[in-house]
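**Q** What follows is a structure written as structure tokens; I'll ask about it next.
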Amino acid sequence: MLDLELSTSFLFCILSLLFLFIINFSKSIFTTFFPSTSTSSKISSKIPRSYPLIGSFLAFYSNRQRVIQWTSDAVTSTPTSTFVLNRPLGRCQVITANPSNVQHILKTHFHIYQKGIIIRTHVSDLLGDDVDGENWKFQRQVASREFNTKSLRKFVETIVDTKLSDRLIPILSSAAANKTVLDLQDILQRFAFDNICKIAFGHDPAYLLPSLLQEKFAVAFNNANK
Numbered sequence: 001m002l003d004l005e006l007s008t009s010f011l012f013c014i015l016s017l018l019f020l021f022i023i024n025f026s027k028s029i030f031t032t033f034f035p036s037t038s039t040s041s042k043i044s045s046k047i048p049r050s051y052p053l054i055g056s057f058l059a060f061y062s063n064r065q066r067v068i069q070w071t072s073d074a075v076t077s078t079p080t081s082t083f084v085l086n087r088p089l090g091r092c093q094v095i096t097a098n099p100s101n102v103q104h105i106l107k108t109h110f111h112i113y114q115k116g117i118i119i120r121t122h123v124s125d126l127l128g129d130d131v132d133g134e135n136w137k138f139q140r141q142v143a144s145r146e147f148n149t150k151s152l153r154k155f156v157e158t159i160v161d162t163k164l165s166d167r168l169i170p171i172l173s174s175a176a177a178n179k180t181v182l183d184l185q186d187i188l189q190r191f192a193f194d195n196i197c198k199i200a201f202g203h204d205p206a207y208l209l210p211s212l213l214q215e216k217f218a219v220a221f222n223n224a225n226k
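Going by the UniProt record's numbering, 142 is the number at position 142 of the sequence shown; the sequence numbering is gapless.
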């Protein structure tokens, strides 16, 4: 008897979800063939449609090769520069380009926006265990004070200027003179990596050299970022 009751409840649950899915699917078909010309409908047309269970997976999958442009178009089409992207199985993600929202999350109310176990697990190998909560806030405060000192700013200017004159400009000049094709993204990444290592660790990995050899630490750092 209990099994029968459970089976019946499960059946009603499935039928309810199926009904909601059909309703939403029918609405999407209707709006496709009978589009509205109002301003609000034009705005909402850029917001990805959401369906029961799968969320906005269909829109995400169709734009998987241009995710940044797709989300940028959606977020800039809203009056608040913010929208909710519904993920499969009830998960959701808030995407915003509103400066006041960013300040609310990253500064004034930072303490209530914890990163969560998923992000902490992924970044712990690179940043350690203190990547959330009060420990993370304390480290940010210490770092912000250091980066506001005149001596550090002068130090950064000196290092960047040295890397520009001794490495980046000669490589670009040589490539121009010899009509050599360069991967500019790779060149700028090497330039940034040399500067970061020298500023943060006091070590020059010499990643930006004319030979453009691979450096183990640079490769490991890129893999960690990915």
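The C-beta atom is built at its ideal place from N, Cα and C for all residues, glycine as well.
Roughly how many whole angstroms lie between the Cα atoms of Ala59 and Ile119?
**A** Here residue 59 is taken as the residue at index 59 of the sequence shown, counted from 1. Here residue 119 is taken as the residue at index 119 of the sequence shown, counted from 1. Cα-Cα distance, rounded: 24 Å.
**Q** Suppose contacts are defined by Cβ-Cβ distances below 9 Å. Is Gly116 in contact with Arg87 by that definition?
**A** Position 116 of the sequence shown, counting from 1, holds the residue named residue 116. Position 87 of the sequence shown, counting from 1, holds the residue named residue 87. Taking 9 Å as the Cβ cut-off, Gly116 and Arg87 do not qualify as a contacting pair.
**Q** Return the chain-ordered list of same chain residues with a C-beta closer than 7 Å to the C-beta of His203, the five sequence neighbours on each side being excluded.
**A** Within the sequence shown, residue 203 is the residue found at index 203, counting from 1. Correct list, in chain order: Cys197.
**Q** Look at the Cβ atom of Asn98, then the Cβ atom of Thr108, and state whether they are nearer than 9 Å.
**A** As a first step, residue 98 is located in the sequence shown; it is residue number 98 there, counting from the start. As a first step, residue 108 is located in the sequence shown; it is residue number 108 there, counting from the start. No; because the gap between Cβ atoms is not below 9 Å, this pair is not in contact.
**Q** Within the chosen definition, does the region 162-178 reach the region 206-218 through at least 3 CB pairs nearer than 8 Å?
**A** Short answer: they touch.
**Q** Give the range of the alpha helix (DSSP H) segment to which Val67 is assigned.
**A** Against the sequence shown, residue 67 aligns to sequence position 67. Element bounds for Val67: 67-76.
**Q** Can you tell me whether DSSP reads Gly116 as helix, strand or coil?
**A** Taking the sequence shown and counting its residues from 1, one reaches residue 116 at position 116. If DSSP states are grouped into helix, strand and coil, Gly116 belongs with coil.
**Q** What are the boundary residues of the alpha helix (DSSP H) that includes Thr158?
**A** Mapped onto the sequence shown, residue 158 falls at position 158. It spans 150-163 - the alpha helix (DSSP H) in which Thr158 sits, taken as one unbroken run.
**Q** Distance, Cα to Cα, Arg49 vs Thr76?
**A** The residue you call residue 49 lines up with position 49 of the sequence shown. The residue you call residue 76 lines up with position 76 of the sequence shown. Those two C-alpha atoms are separated by around 16 Å.
**Q** In the DSSP assignment, find the beta strand (DSSP E) that holds Asn98 and state where it starts and stops.
**A** Within the sequence shown, residue 98 is the residue found at index 98, counting from 1. Run containing Asn98: none; DSSP gives neither H nor E here.
**Q** Is Arg140 buried or exposed, if buried means 16 or more other CB atoms sit within 10 Å of its CB?
**A** Position 140 of the sequence shown, counted from the start, is the residue given in the question as residue 140. Counting Cβ neighbours within 10 Å, Arg140 comes out exposed, since fewer than 16 surround it.
**Q** From which residue to which residue does the beta strand (DSSP E) around Ser86 run?
**A** Reading the sequence shown from its first residue, position 86 is the one you call residue 86. Here residue 86 is Asn; the residue named in the question, Ser, does not match the sequence. Its beta strand (DSSP E) spans residues 82-86.
**Q** Considering Cα atoms alone, identify which of Gln185, Ile47, Arg64, Asn135 is closest to Val94.
**A** Counted from its first residue, the sequence shown places residue 94 at position 94. For Val94, the nearest C-alpha among the options comes from Ile47.
**Q** Is Gln185 helix, strand or coil when you go by DSSP?
**A** Mapped onto the sequence shown, residue 185 falls at position 185. In the structure shown, Gln185 sits in a helix (DSSP, three-state: H, G or I).
**Q** In this structure, how does DSSP classify Tyr51 when only helix, strand and coil are distinguished?
**A** Residue mapping note: residue 51 aligns to position 51 of the sequence shown, counting from 1. In the structure shown, Tyr51 sits in a strand (DSSP, three-state: E or B).
**Q** For Gln139, name the three-state secondary structure that DSSP assigns.
**A** Position 139 of the sequence shown, counted from the first residue, corresponds to residue 139. Correct three-state label for Gln139: helix.
**Q** Tell me which same chain residues have a C-beta within less than 8 Å of the C-beta of Ser174, skipping the five on either side of it?
**A** As a working mapping, residue 174 is identified with position 174 in the sequence shown. These residues qualify, in order along the chain: Thr180, Pro210.
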